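For reference, the structure is listed below as structure tokens.
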Ligand code: GMT
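Residue numbers (this note's numbering): 175 to 543.
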């Protein structure tokens, strides 16, 4: 198939999933074109079987807000005409699904598109009254709509009242790239220090300061270090909280990493304190590396972790710490969860299984021509 993928290129799960999908589809023999305003970080330099089309937005002085959605719609139509795209897959509804509808309406009406909802496009941004009606409209106009968890599918029906069916296709992980390393159990390491990790875009919804607070509580019980991966608006606040709590020298901020698969296998536990998380892709990547996860009990996280991780109530860093300590003090439990996490990632969230589900959706949409 000739497939166009539209996504945000920035750090964030939807861009990562879309880029990984583009590469997997190309590896499976499809002709794949990726459209975005920048080359996504995860589009590896060797990935020359995916054609990247940059969407340029003119910044006229009159435009306080350059109209990206119009530029994207135009580029989608151009790429459809030039490359004979049969189907577009837009990741994140706002504004990508609206641009897809516009591209279809400007063209001969043949443009087909699948919209995948990732979370913030529905739960945080989408329910803003400024975006609700166009988003609902674009979902109704999509040839298929998918959501990355049962939770998100239900939230979409509730918040948007869409009549359109929303199919659940979970995110996936490349279990060959994300795999356990040769980390020794902590009992065999000098000082028995446990290495905790958190990876996100440091937006307020991630509550990174709560991760630091939980870590500070853990540190009063066992030797530990916290690795913060990623960057975003709450970075300074999180590090200031670490200073206030006297654990700053035990917290290392390593910034954005496009090769998280090199870091995760060296860690013992992934910590998440998010306010909401429709899926939690970084946690799935940690699981594939045999790293158990402890998270707030929000959104679709339980669907991802199953019984391979542990959950704590939102907004209670001490409870998060207590739950993490049950794992970090019990080497046998940790080892069991590590194996179970990897196993769950392999069995339920492998590339072939999930990308195959999307291929089936594309084929079904095209068959309805
Ligand atoms: O979490 C973010 O701020 C970014 C956002 C995105 O769209 O990139 O992430 C959402 O999509 C990811 C991929 O499907 C999910 O793993 C995240 O859970 C989801 N974020 C939220 O629901 C807050």
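Just so you know, even glycine gets a beta-carbon here, dropped at the ideal spot from N, CA and C. Since the structure is predicted, the reported quantities are computational estimates derived from the model, not experimental observations.
Using DSSP's beta-bridge definition, name the partner residues of residue 369. 399
Quick one: is residue 446 buried, meaning 16 or more other Cβ sit within 10 Å of its Cβ, or exposed? buried
Check residue 318 in the structure and name its three-state DSSP category. strand
For residue 462, collect the residues of the same chain with a Cβ closer than 7 Å to its Cβ; drop the 5 residues on either side in sequence, then sort them by chain order. 347, 349, 352, 353, 516 and 519
Which residues in the same chain as residue 326 place their Cβ atom closer than 7 Å to its Cβ, once the five residues preceding and following it in sequence are excluded? 291, 293, 296, 452 and 474
How far does the alpha helix (DSSP H) with residue 275 in it reach, from first residue to last? 270 to 280
Assuming residue 310 and residue 288 are in contact, meaning their beta carbons sit under 8 Å apart, how far apart are those beta carbons, in whole angstroms? With a Cβ gap of about 17 Å, residue 310 and residue 288 do not count as contacting.
Limits of the unbroken beta strand (DSSP E) element including residue 429: 425 to 429
If you measure between the beta carbons of residue 465 and residue 485, is that distance less than 8 Å? no
Can you find a heavy atom of the ligand SAM that lies under 7 Å from the Cβ of residue 375? The ligand SAM is not among the ligands present in this structure, which contains only the ligand GMT.
Starting from residue 517 and walking both ways along the alpha helix (DSSP H), at which residues does that stretch end? 505 to 522
The ligand GMT and residue 523: does any heavy atom of the ligand fall closer than 7 Å to the residue's C-beta? no
With a CB to CB cut of under 6 Å and the five nearest residues on each side skipped, what residues in its chain are close to residue 429? 405
With a Cβ-Cβ cutoff of 8 Å, do residue 403 and residue 434 count as a contact? yes
Which runs of the beta strand (DSSP E) fall wholly inside the stretch 431 to 506 and span at least 3 residues, in chain order? 443 to 446, 467 to 470 and 484 to 486
Excluding the five sequence neighbours on either side, which residues of its own chain have a C-beta within less than 8 Å of the C-beta of residue 399, listed in chain order? 367, 368, 369, 370, 424, 425 and 426
If you draw a straight line from the C-alpha of residue 532 to the C-alpha of residue 440, how long is it? 32 Å
Assuming residue 413 is part of the alpha helix (DSSP H), what are its boundary residues? 409 to 418
Given residue 539 as reference, the closest of 250, 262, 496 and 355 once Cα atoms are compared: 262
Close Cβ partners of residue 245 (< 6 Å) along its chain, the five nearest in sequence each way excluded: 229 and 231
Which complete beta strand (DSSP E) runs does the stretch 184 to 258 hold, if anything under 3 residues is left out? 205 to 210 and 224 to 228
Within the continuous alpha helix (DSSP H) that includes residue 533, where are the two ends? 525 to 541
Excluding five sequence neighbours on each side, which residues of the same chain lie with their C-beta closer than 6 Å to the C-beta of residue 323? 452, 453, 474 and 477
Residue 273 Cβ short of 7 Å to the ligand GMT heavy atom set: no
Test item: CB-CB of residue 248 and residue 217 under 8 Å: no
In its own chain, which residues sit with a C-beta less than 7 Å from the C-beta of residue 329, not counting the 5 before and 5 after it? 296 and 297
Residue 278, buried or exposed, once every other Cβ within 10 Å from all chains shown has been counted against 16: buried
Please classify residue 358: is it buried, with 16 or more other beta-carbons within 10 angstroms of its beta-carbon, or exposed? exposed
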